[in-house]
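Trainee:
Chains as they are written, first to last, in the numbering used here: chain A, 15 to 410; chain B, 15 to 410.
1. Residue 225 of chain B and residue 172 of chain B look like a contact to me (Cβ under 8 Å); what is the Cβ gap, rounded to whole Å?
2. Can you name, in chain order, every residue of its own chain whose Cβ lies under 7 Å from the Cβ of residue 145 of chain A, other than the five neighbours on each side?
3. On the three-state DSSP scale, how would you describe residue 254 of chain A?
4. Exposed or buried, which one is residue 358 of chain A when buried takes at least 16 other CB atoms within 10 Å?
5. To the nearest angstrom, report how far apart residue 94 of chain A and residue 61 of chain A are at their CA atoms.
6. Can you give me the Cβ contacts of residue 182 of chain A inside the same chain, cut-off strictly under 6 Å, excluding the 5 residues immediately before and after it?
7. How many angstroms separate the CA atom of residue 411 of chain A from the CA atom of residue 114 of chain B?
8. Can you tell me whether residue 193 of chain B is buried or exposed? The criterion is at least 16 other CB atoms within 10 Å of its CB, across all chains shown.
9. Excluding the 5 residues flanking residue 286 of chain A on each side, which residues of the same chain have their C-beta closer than 7 Å to its C-beta?
10. Can you tell me whether residue 400 of chain A is helix, strand or coil according to DSSP?
11. Tell whether a beta-carbon distance below 8 Å holds between residue 239 of chain B and residue 51 of chain B.
12. Tell me the residue span of the alpha helix (DSSP H) that contains residue 77 of chain B.
13. Below 8 Å, can you find three or more Cβ-Cβ pairs linking the region 303-312 of chain A to the region 383-396 of chain A?
14. Relative to the C-alpha of residue 298 of chain A, which residue among A/322, A/317, A/316 is closest?
15. Against chain B, which members of the region 134-151 of chain A pass a CB distance test of less than 7 Å?
16. Determine which residues of the region 87-103 of chain B have a Cβ less than 9 Å from any Cβ of chain A, and write them out in chain order.
17. Look up residue 313 of chain A in the DSSP assignment and say whether it is helix, strand or coil.
18. Excluding the five sequence neighbours on either side, which residues of its own chain have a C-beta within less than 6 Å of the C-beta of residue 174 of chain A, listed in chain order?
19. Note down the Cα distance separating residue 343 of chain A from residue 333 of chain A, rounded to an integer number of angstroms.
20. Take every Cβ of the region 257-277 of chain A, pair it with every Cβ of the region 133-153 of chain A, and state whether three or more of those distances are shorter than 8 Å.
21. Restricting to Cα atoms, I'd like to know which of B/215, B/244, B/241, B/243 is closest to residue 230 of chain B.
22. Under 8 Å, Cβ to Cβ, is there at least one residue of chain B near residue 393 of chain A?
23. To be precise: take each residue of the region 278-296 of chain A, compare its Cβ to all Cβ atoms of chain B, and keep it if any distance is under 8 Å. Which residues remain?
24. Flag residue 203 of chain A as yes if its beta-carbon sits less than 8 Å from any beta-carbon of chain B, otherwise no.
25. Under 8 Å between C-beta atoms, does residue 155 of chain B make it to chain A?
26. Keeping to the same chain, check which residues put their C-beta closer than 6 Å to that of residue 97 of chain A; ignore five residues upstream and five downstream.
27. Tell me whether residue 40 of chain B sits in a helix, a strand or coil according to DSSP, three-state version.
28. Is DSSP giving residue 237 of chain B helix, strand or coil here?
29. What span of residues does the beta strand (DSSP E) with residue 26 of chain A cover, start to end?
30. Sort A/149, A/203, A/228, A/349 by Cα distance to residue 176 of chain A and report the nearest one.
31. For the candidate residues A/407, A/400, A/410, whose alpha-carbon lies nearest to that of residue 91 of chain B?
32. Which ranges does the beta strand (DSSP E) cover as unbroken runs of at least 3 residues, wholly within the region 80-137 of chain A, from first to last along the chain?
33. Taking 8 Å as the threshold (beta carbon to beta carbon), is residue 126 of chain A in contact with chain B?
34. With which residues is residue 214 of chain A paired in a DSSP beta bridge?
35. Assuming residue 244 of chain A and residue 121 of chain A are in contact, meaning their beta carbons sit under 8 Å apart, how far apart are those beta carbons, in whole angstroms?
36. Consult DSSP for residue 412 of chain A and reduce its assignment to one of helix, strand or coil.
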């Protein structure tokens, strides 16, 4: 339906509810971006027993359908495929954090009173291109001077990992522990791209990609899609008996040129978006029961763990190595398997992170379930160039 | 600065103000997309006597920087270039209506209470590519079956023009009158790509592109950028003595497959987004003093004129032919010169439309000034696939 600028909602007090979630199988998929988006979108509507004509805003998180498959205007195609015309549509792109940006846009659409029902679908179709081609598309987000000299995101990850290990006397094994943990979590995620546990030795002996990082420190190239349905909390009961609310959501940027940052082991945009999201939610890191962090590279999980305030700077590696971030640990991180084993279809990843948090706080995570009422998702664009952080809580 | 989720704003009553506007010279420009965006962004900040660190949200309307110049992540680059880091950034893409979608996103950011200061910059760099290449990038927004058969947007325009002329016994000259009027208006716009008046004969004798449409029925390929600054009305006085408010803004989609539409001479998304924007503003077409319509092709100005309610269906051509939409007419349309003479840098166009309306309702349009308190901008994506309509009013 057409957005109605709902007059019945008190925008000062009504919270934004998430009433349904879905994700497709991640991995190498047949079909094109619009097929993947439609699959997740339809599953999300089904999860809420909703029909497409209830949607008034349809946001698509996607970085590069034009570059990957020569198809633009994908939100309009999706509105057609779902039967959501004449709902308003737009594409939200924030490179690899497009999913988190989509969550923020969907939240704004409801919180502003513009929307009574916003469907967000994030997705990317990548595996039909070679790893080199896909890496090149992703690298186009970097500063031209970096790009020209071949400094792609994996290179930054290697340089950062080296700096981190040196600065904090962290063992190489602590990075490997992140990979081992996330692969172990992925075994229980039926939608994950990789569902096999790996040994620490396998990680440590895999081929070097960007020293000191090796193949198993990197997420794969992936196809997939994920979706969330947002409504004003005053309307949530029409869609679900139990639902979550967006307690906090915020975004921030860091320098576009990575080498201008004062400390290579700190991601300022993670810190800033996290602080703002915690402030909005009136929460602090100790309140968080479960979190999905953007482990595109193993080192990134450690940086986010610290920059979000879950550990002191330089101490994050100990949490992973000591099992404190395991599923049965103090603060489970990436119970979904993370980008590492679940896969990283760019525009889908931030949405899929929130899907996992939604299922965890609602107690719907099956064999991956932990004890959680409050969860966090941190979605990193570029090499920390732009970041969004979302806090979801089960509605009481 | 980082978004603060301003607690001091009454989101039920505070309107969204536009306190500054700018556009670059449109035409063939040196430099790349980020240069153009920075130029408009800096000019807009200067117009408000604001500094970049006051911005907490920075939205970029852009369709295809990746396809046109292999550069993505442009919002982050712009945050860097303006000195706006750590402000949140994202790219809003709705193909040729990305600018209107950016206005809607900026409105949402302020109306939701997330932002106290949102800079929107729309832009596109296209002229370094051939017309065929640029048309091909734009055509990638169409349905794959249409694209495969070579039905690009100019083809749709030709077919629609023929249907319109036939259905309503409109003379071919009435389309030419739109081109003549908009070129005449463009003479007084120093930022327009073409500043030469044209004779009706020139239009009617120019080469056929898509029968019955000829070269002068089409907008050019253009480089350019435009910007607007949005704040809560309660903060507007800090930025400007006089300002406009977003009285209404709404978007809608139509079928992705053009031939599925019941009437080829009606654009459903124009009608739906217009109705919703008028309803939000508590206005009707007769209240509008000046409007910028998306005249990518001359026929489109007539369709929007009708579908927004300025004329009965089939009567719009008479308004242009009779001079009622001229600068000194009852309802001046495209005082800026429109896309036709001002140019059409995809992501910039919707923003630039609103820049003209802003200047008109504030009495800052110089030689193009008409008597206006209420103005409308209609930005069309694809061939009416997705449309946003914005109503700006001078604040009293």
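Virtual Cβ for every residue (Gly too), placed ideally from N, Cα, C.
Mentor: Once the coordinates are examined:
1. The pair is a contact, with the Cβ atoms about 6 Å apart (cut-off 8 Å).
2. 235
3. coil
4. buried
5. 20 Å
6. Cβ within range, chain order: 328.
7. It is not possible to answer for residue 411 of chain A, since the shown part of chain A is limited to 15 through 410.
8. The C-beta of residue 193 of chain B has 16 or more other C-beta atoms within 10 Å across all chains shown, which makes the residue buried.
9. 266
10. In this structure, residue 400 of chain A counts as strand in the three-state DSSP scheme.
11. Yes, the pair counts as a contact, with Cβ atoms nearer than the cut-off.
12. Per DSSP, residue 77 of chain B belongs to no alpha helix (DSSP H) and is neither H nor E.
13. yes
14. A/322
15. none
16. 87, 88, 89, 90, 91, 92, 93, 94, 95, 98, 99, 100, 101, 102, 103
17. helix
18. Hits under 6 Å: 278, 313.
19. Their Cα atoms are separated by approximately 9 Å.
20. no
21. B/215
22. Judged by the 8 Å Cβ criterion, residue 393 of chain A is not in contact with chain B.
23. So the close ones are 282, 283, 286, 287, 289, 290, 293, 294.
24. no
25. Chain A, which has a Cβ nearer than 8 Å to the Cβ of residue 155 of chain B, makes this yes.
26. 66
27. coil
28. strand
29. It is not in any beta strand (DSSP E) - residue 26 of chain A carries neither H nor E in the DSSP assignment.
30. Nearest option by C-alpha distance: A/228.
31. A/400
32. Every unbroken stretch of the beta strand (DSSP E) spanning 3 or more residues and falling wholly within the region 80-137 of chain A is given here in chain order: 102-107.
33. With 8 Å as the cut-off, residue 126 of chain A counts as an interface residue toward chain B.
34. In the DSSP output, where bridge partners are listed per residue, residue 214 of chain A has none listed.
35. 7 Å
36. Nothing about residue 412 of chain A can be read from this structure; chain A reaches only from 15 to 410.
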